[in-house]
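Numbering (the working numbering), first residue to last: -4 to 261. Think of the CB as a built atom: it goes at the ideal place given N, C-alpha and C, for glycine as much as any other residue. Have a look at the structure below, then the notes.
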Amino acid sequence: MKLTMLGTGMATVTECYNTCFVISDQDRHFLVDGGGGNHILKALKDAGVKTTEIHDIFVTHEHLDHILGILWLIRVIGTKMNQDKYEGKLNIYCHPELAEAITTIAGLTIQKKVCRLIGERIIFVPLDNGEKKKILGCRVRFFDIQSTKAKQYGFTMDLPDGKVLTCCGDEPYNENNYEYVGGSTWLMHEAFCLYSQRNKFKPYEKNHSTVKEACELAEKMEIPNLILYHTEEENLKNRKFLYTREGQEYYHGNLYVPDDMESFEL
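Quick look at the structure:
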């Protein structure tokens, strides 16, 4: 299985795309968030992912930089459904309040002939904390990250070879979620900025962490692979080098600081 980072930036970036990614098993794809606009369509195209091959989407929370791309996908996939160019159903996993919000926005902004598919072939799958689903043939457990800003879910995915991938959303890991995060082979964790630049970017005011805290967490939990994302963009040109250099002071596993469109074999 392969993970492709379609975007790696925080909400207001302009030189890269907002954080979202896709997990692929050949021609089957599980999309996580959509970023903040229709650039999601180009990102998927550049990644070689056809919208007709996406049947599972997870939306972590309600912020603009995560849901607006989802609305474009509803429009595009719904149109393909009406043209008999899309087989089956599209499942959109999220917590119930978010399903209601996306449906409302879709109704205000997308043609009725597409919106009428919601509930028929575009299916919102409401999630409770700890709920399990089967996606790409793998068990996926969704959990409430206990955000202090907006209700948000992360997930843990049991990969076919016994490895475990966990996404903590875009806020720091909460120790109450140890049952989901502990024992992960791959951990995806936000890192808003370098610890050395915390006074400049003020991550704690936004309930985000720095490279240092994310790496200390992965080291303490003995997680072998750590992916950092949802970053500022002022250091974008040298981000990989700078974040890796600082992170390796606190973490001794495999540290990944991906650029947009970078892929990993899981």
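ask   = When we look at the beta-carbon of Leu(-2) and count the other beta-carbons within 10 Å, is it buried (16 or more) or exposed?
value = Working through the sequence shown from its first residue, we reach residue -2 at position 3. Counting Cβ neighbours within 10 Å, Leu(-2) comes out buried, since at least 16 surround it.
ask   = Assuming Asn202 contacts Thr143 under a Cβ cut-off of 8 Å, what Cβ separation, rounded to an integer in Å, is found between them?
value = Here residue 202 is taken as the residue at index 207 of the sequence shown, counted from 1. Here residue 143 is taken as the residue at index 148 of the sequence shown, counted from 1. 6 Å between Cβ atoms; contact.
request  = Would you be able to state if there are at least three C-beta pairs under 8 Å between the segment 81 to 95 and the segment 49 to 67?
outcome  = yes
message = Taking DSSP's pairing of strands, which residues face Lys127 in a bridge?
response = For the purposes of this step, residue 127 is taken as residue 132 along the sequence shown, with counting starting at 1. Note: Lys127 sits in a beta bridge opposite Arg136.
inquiry  = Rounded to whole angstroms, what is the Cα-Cα separation between Phe259 and Glu95?
reply    = Within the sequence shown, residue 259 is the residue found at index 264, counting from 1. Within the sequence shown, residue 95 is the residue found at index 100, counting from 1. Phe259 and Glu95: Cα-Cα distance of roughly 33 Å.
task = Give the secondary structure of Ser142 by DSSP, where H, G and I count as helix, E and B as strand, and everything else as coil.
result = The residue given as residue 142 occupies position 147 in the sequence shown. In the structure shown, Ser142 sits in coil (DSSP, three-state: anything other than H, G, I, E or B).
query = With distances taken from CA atoms, which of Glu217, His225, Met216 is nearest Ser204?
reply = The residue labelled residue 204 in the question sits at position 209 within the sequence shown. Comparing alpha-carbon positions, the option among Glu217, His225, Met216 lying closest to Ser204 turns out to be His225.
query = Taking the continuous beta strand (DSSP E) assigned at Met0, which residues delimit it?
reply = For this step, residue 0 is matched to residue 5 along the sequence shown. Taken as a continuous stretch (DSSP letters only), the beta strand (DSSP E) holding Met0 covers -3 to 2.
query = Given that a residue counts as buried once 16 or more other Cβ atoms are within 10 Å of its Cβ, and exposed if not, what is Leu182?
reply = Here the question's residue 182 lines up with position 187 in the sequence shown. Leu182 comes out buried.
message = For Gln243, count the other beta carbons within 10 Å of its own beta carbon; 16 or more makes it buried, fewer makes it exposed. Which is it?
response = Numbered from its first residue, the sequence shown carries residue 243 at position 248. Exposed.
ask   = Can you tell me whether DSSP reads Leu212 as helix, strand or coil?
value = Numbered from 1 along the sequence shown, position 217 holds the residue referred to as residue 212. Three-state result, Leu212: helix.
query = Using CA coordinates, which residue listed in Glu166, Ser179, Glu170 is at the minimum distance from Glu200?
reply = Within the sequence shown, the letter at position 205 stands for residue 200. Comparing Cα-Cα distances from Glu200 to each of Glu166, Ser179, Glu170, the minimum goes to Glu166.
task = For Arg193, I'd like the list of residues in its chain whose CB is within less than 8 Å of its CB, leaving aside the five on either flank, ordered along the chain.
result = Reading the sequence shown from its first residue, position 198 is the one you call residue 193. Correct list, in chain order: Tyr199, Thr205.
request  = Taking Thr9 as the reference, give the member of Val17, Phe16, Asn230, Pro121 with the closest Cα.
outcome  = In the sequence shown, counting from the first residue as 1, residue 9 sits at position 14. Nearest C-alpha to Thr9: Asn230.
request  = Keeping to the same chain, check which residues put their C-beta closer than 7 Å to that of Cys188; ignore five residues upstream and five downstream.
outcome  = As a first step, residue 188 is located in the sequence shown; it is residue number 193 there, counting from the start. If we look at Cys188 and ignore the five residues flanking it on each side, its Cβ neighbours are Phe196, Pro198, Thr205, Thr226, Glu227.
Supposed close pair Leu122, Tyr148 - CB separation, criterion 8 Å = To locate residue 122, count along the sequence shown from 1; it is residue 127. To locate residue 148, count along the sequence shown from 1; it is residue 153. About 6 Å separates the two Cβ atoms, so the contact holds.
request  = Quick one: grab the DSSP three-state call for Val252.
outcome  = Within the sequence shown, the letter at position 257 stands for residue 252. Val252 falls in the coil class under three-state DSSP.
task = Output yes or no for whether 8 Å exceeds the beta carbon distance between Leu93 and Trp67.
result = Locating residue 93 in the sequence shown gives position 98, where the first residue counts as 1. Locating residue 67 in the sequence shown gives position 72, where the first residue counts as 1. In this structure, the beta-carbon distance from Leu93 to Trp67 does not fall below 8 Å.
request  = Measure the alpha-carbon distance for Asp156 versus Asn220 and round it to whole angstroms.
outcome  = What you label residue 156 is simply residue 161 of the sequence shown in a count that begins at 1. What you label residue 220 is simply residue 225 of the sequence shown in a count that begins at 1. Distance from the CA of Asp156 to the CA of Asn220, rounded to the nearest whole angstrom, comes to 15 Å.
key: Own chain, CB closer than 7 Å to Tyr175, minus 5 neighbours either side, in chain order   = Start at 1 with the first residue of the sequence shown, and residue 175 comes out as number 180. Only Arg136, Phe138, Thr151, Thr161 meet the Cβ criterion.
message = Assuming contact is defined by CB atoms lying nearer than 8 Å, are Ile69 and Ile18 in contact in what I supplied?
response = Here residue 69 is taken as the residue at index 74 of the sequence shown, counted from 1. Here residue 18 is taken as the residue at index 23 of the sequence shown, counted from 1. Not in contact: Ile69 and Ile18 (Cβ atoms no closer than 8 Å).
request  = Find out if the Cβ-Cβ distance for the pair Met256, Met5 is shorter than 8 Å.
outcome  = Here residue 256 corresponds to residue number 261 of the sequence shown, with the count starting at 1. Here residue 5 corresponds to residue number 10 of the sequence shown, with the count starting at 1. Cβ distance not < 8 Å, so Met256 and Met5 don't count as in contact.
inquiry  = Checking the sheet assignment: what are the DSSP bridge partners for Phe16?
reply    = Taking the first residue of the sequence shown as 1, we reach residue 16 at position 21. Answer by DSSP bridge pairing, in chain order: Met0, Val27.
message = Bridge partners for Asn220 per DSSP, in chain order?
response = Sequence index remark: in the sequence shown, residue 220 carries index 225 (1-based). In DSSP, Asn220 forms a bridge with Trp181, Asn249.
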